[in-house]
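Have a look at this one:
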C-alpha cells in the first residue's frame, strides 16, 4: 500500500481529522491524542498493510509503523496540513474529568514528550563520552589535549545545559511561552550564579537567603518551573492589555519565577532529587540481582504500556546526583534478548515472509529499535516474547551484579556500550552476550516458532491429523472471465510468494467480479479494488482487482455489496472500468487468494488457460 493510501486510511479510521487533537511521531510510531478514542477503528487499522499494530498507552493512540514512520508521517501531514504535527510530543488541551489513571497518563505523556525530541542527540553525545573514556583507557588520548577538550565539550554540552533543552520541550508540552521558559533556564545556569553556588557564597534576594544549589544537568527544577508558569502566565495575560501583553507578561514571569526558583523551587527540588537518588541507589545496592531480574525481564513490558518514561527522570537525576546511573546498563540485556529472539525466529521459521521480517528486525533491535520486533514478531507469537523476557532477566541480573554504571542516558543499543566503561564492565559484557544468545536459543527450542504453520504430509498419521482440522471441502467457481495466471507469475511478491495464501490469478476480459460461492462479505476496501469473503463452507477468500489499483482511490470501481451482506454464488459483487485501470498504466491481473489455505490439506487449481464466470476454478479439500 502506498504511503498516501496508508496515511489516508489511518486518519479516516482514527475518526478523521476533526477527531485528532494532536499528532506526532517517534522512531517507530505515529502518535495521536484523540478527542474521542471510541471513534477509532482499531481492528481496521491493524489490518492495513504497513501497520504493525496499535497500542493505547499514556493517553495516546499509537499506530506502530516501523522504520518507515517518518515517510508515512510526512505524507500524512502533506495530505492533511491542518494536522501540523512534529516529532515532538504534545499533551491534550481538552479539559476532562481528572482520574487517577488520567493523571498518571498525563504525567507519562508529559515526561515522554519532554525527553523524546532530544533523545537521539543525547544518545549520540553519550556514545561520544564513552568513546572518549575508551580512548583515555587505551592511552590514545589524554584529557589535557585540545582534541579531547573539544570533543568533550561536544559530548557534555547537552548534559551540562540540560535545563535549557528541557525548558524548550517541556514548555511546548504545556503550551506556555517557550522563550520565557528558556530564559528562566538560562538564568539557572548563568555563569555568575554557577560560580556563586559552587563557592557556596552567601547571597540573598532583598534579604531572603538563597540556598546554594547547582542547576546544571538538573531535571526536576525546570519541570516544576514550567508547571508554575502554566498557572501564572494566563493570569498575567488576562491582566495586561493585548497591546502590551507580549512584553509585560514575559517581564513579570522573569521577575517572579527566577527568584522564586532560586529561593523556593531549587531547594525543594534538590531535596526531592537527593531523596529519590538515595532511594534508588539504596535499593540497587541492597538488591542488585533482584533489580536486574525485574528491569531486564520486564523492561519491554514497561515499553508496551508506555510506563518506561517514568524511569527517565530517575536516571537523569542519578547522573546529576552521583555522576553515573546504574540502571541504564541493565536495560541493554532486555534489548539484546529481543534481538536474539528475532534471530531465533529467523533461524527456525519455515515461513519465508516471517524469515525476512525477523532477519531485518534482528538488526534494528540490536541498534535499539525494538518496537517492530516486539509488535511484529515476538509479542504476536507470544512464546518468543516470553523467551526474550527470561533471557533479559538473566542477563540483567548478571549486569546488575557486576556493578557497572553508565555515564549518560539515551537510546540503549550496542552503540551505547562504550558509555558503560566502569568497574565491572567486562562482566557486564558477559551478561549482554548471554541475553542475546539465550534469547536466540530459547526461542529456537521453546519458542513454538512453527506452531501455526500447516504441517507437511509425510505419513498416514499426519494426514489423519491434518484432515481432522481441515474445513469442509468445496469447489470455488471463477469470479471473473479471462485468462488463468499461475500465482507464482503475478508481479507482486506479496501474492506470488504465497505469503497471503494459496490461490490463482486471472487476467480479466470483462470488468465484473461475482461471488465464487455462497458467502458472507467480510471485508470491503473503501477504494473498491478488493473484497473479502467467507464462504458457507469456511473458506476465506480475497479477490484483489489489479495491481497497485489502490492508488486510483476508487476511480473506475463500483462496489455492489456491503460488508456483512449474504451473497449467492454468481452474484455480482464489483464492477470495474478496465480502461481506467489501463490508462493509469496498472496491471489488471486479479489474484484470487484463499487466505486460510493453511487450514486445508489440498488447494488445487483445476482451471487452465481460459475461464468464464462460474466455471470451476479451485478445489479445496
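Residue numbers (UniProt numbering): 1 to 621. Backbone N, C-alpha and C fix where the C-beta goes; we use that ideal spot for every residue, glycine too.
What does the Cβ neighbour count give for residue i, buried or exposed, with the cut at 16 atoms within 10 Å?
{"i": "residue 255", "result": "exposed"}
{"i": "residue 464", "result": "Low per-residue confidence applies at residue 464: pLDDT is 41, beneath 50, and the placement is therefore not dependable enough to give any value."}
{"i": "residue 510", "result": "exposed"}
{"i": "residue 81", "result": "exposed"}
{"i": "residue 445", "result": "exposed"}
{"i": "residue 284", "result": "buried"}
{"i": "residue 38", "result": "exposed"}
{"i": "residue 622", "result": "In the structure as shown, the chain starts at 1 and stops at 621, and residue 622 therefore has no counterpart that could be examined."}
{"i": "residue 231", "result": "exposed"}
{"i": "residue 525", "result": "buried"}
{"i": "residue 47", "result": "exposed"}
{"i": "residue 49", "result": "exposed"}
{"i": "residue 402", "result": "buried"}
{"i": "residue 239", "result": "exposed"}
{"i": "residue 293", "result": "buried"}
{"i": "residue 200", "result": "exposed"}
{"i": "residue 90", "result": "Confidence in residue 90 is poor, its pLDDT being 48 and thus under 50, which makes the residue's placement too unreliable to answer from."}
{"i": "residue 18", "result": "exposed"}
{"i": "residue 24", "result": "buried"}
{"i": "residue 78", "result": "exposed"}
{"i": "residue 535", "result": "buried"}
{"i": "residue 6", "result": "buried"}
{"i": "residue 474", "result": "buried"}
Quick one: give me the first and last residue of the beta strand (DSSP E) that residue i is part of.
{"i": "residue 571", "result": "Neither: residue 571 is in no beta strand (DSSP E) and is coded neither H nor E."}
{"i": "residue 540", "result": "540-544"}
{"i": "residue 62", "result": "60-64"}
{"i": "residue 559", "result": "557-559"}
{"i": "residue 617", "result": "616-620"}
{"i": "residue 56", "result": "53-57"}
{"i": "residue 531", "result": "530-535"}
{"i": "residue 591", "result": "590-594"}
{"i": "residue 82", "result": "Run containing residue 82: none; DSSP gives neither H nor E here."}
{"i": "residue 512", "result": "512-514"}
Find out if the Cβ-Cβ distance for the pair residue i, residue j is shorter than 8 Å.
{"i": "residue 235", "j": "residue 184", "result": "no"}
{"i": "residue 567", "j": "residue 574", "result": "no"}
{"i": "residue 217", "j": "residue 162", "result": "yes"}
{"i": "residue 570", "j": "residue 515", "result": "yes"}
{"i": "residue 628", "j": "residue 610", "result": "Residue 628 is absent from the model: the chain starts at 1 and stops at 621."}
{"i": "residue 331", "j": "residue 391", "result": "no"}
{"i": "residue 384", "j": "residue 345", "result": "yes"}
{"i": "residue 405", "j": "residue 325", "result": "yes"}
{"i": "residue 587", "j": "residue 547", "result": "yes"}
{"i": "residue 171", "j": "residue 226", "result": "yes"}
{"i": "residue 64", "j": "residue 44", "result": "no"}
{"i": "residue 634", "j": "residue 362", "result": "This structure does not reach residue 634, given that the chain is present from 1 up to 621, and the question cannot be answered."}
{"i": "residue 364", "j": "residue 338", "result": "no"}
{"i": "residue 320", "j": "residue 243", "result": "no"}
{"i": "residue 169", "j": "residue 250", "result": "no"}
How far does the alpha helix (DSSP H) with residue i in it extend, from its first residue to its last?
{"i": "residue 523", "result": "No alpha helix (DSSP H) holds residue 523; the beta strand (DSSP E) holding it covers 519-524."}
{"i": "residue 75", "result": "69-79"}
{"i": "residue 484", "result": "Note, residue 484: premise wrong, no alpha helix (DSSP H); beta strand (DSSP E) at 482-485."}
{"i": "residue 432", "result": "425-446"}
{"i": "residue 218", "result": "First-last for residue 218: undefined, no H or E at that position."}
{"i": "residue 24", "result": "Unbroken run through residue 24 is the beta strand (DSSP E), 20-25; no alpha helix (DSSP H)."}
{"i": "residue 261", "result": "First-last for residue 261: undefined, no H or E at that position."}
{"i": "residue 348", "result": "328-348"}
{"i": "residue 164", "result": "162-173"}
{"i": "residue 12", "result": "3-13"}
{"i": "residue 583", "result": "578-583"}
{"i": "residue 46", "result": "42-46"}
Our contact map puts residue i next to residue j with C-beta atoms below 8 Å; I'd like the distance itself, whole angstroms only.
{"i": "residue 376", "j": "residue 347", "result": "Their Cβ separation, rounded to whole angstroms, is 17 Å, which puts residue 376 and residue 347 out of contact at 8 Å."}
{"i": "residue 127", "j": "residue 418", "result": "6 Å"}
{"i": "residue 374", "j": "residue 300", "result": "6 Å"}
{"i": "residue 543", "j": "residue 513", "result": "6 Å"}
{"i": "residue 398", "j": "residue 368", "result": "Not confirmed; about 20 Å, so no contact."}
{"i": "residue 580", "j": "residue 504", "result": "The Cβ separation is near 24 Å, so there is no contact."}
Can you check DSSP and say which residues form a bridge with residue i?
{"i": "residue 210", "result": "203"}
{"i": "residue 140", "result": "Bridge partners of residue 140: none, in fact."}
{"i": "residue 507", "result": "483"}
{"i": "residue 476", "result": "618"}
{"i": "residue 30", "result": "25 and 63"}
{"i": "residue 610", "result": "483"}
{"i": "residue 623", "result": "Lying before the first or after the last residue shown, residue 623 is absent from the chain, which here runs from 1 to 621."}
{"i": "residue 325", "result": "406"}
{"i": "residue 502", "result": "594"}
{"i": "residue 566", "result": "520"}
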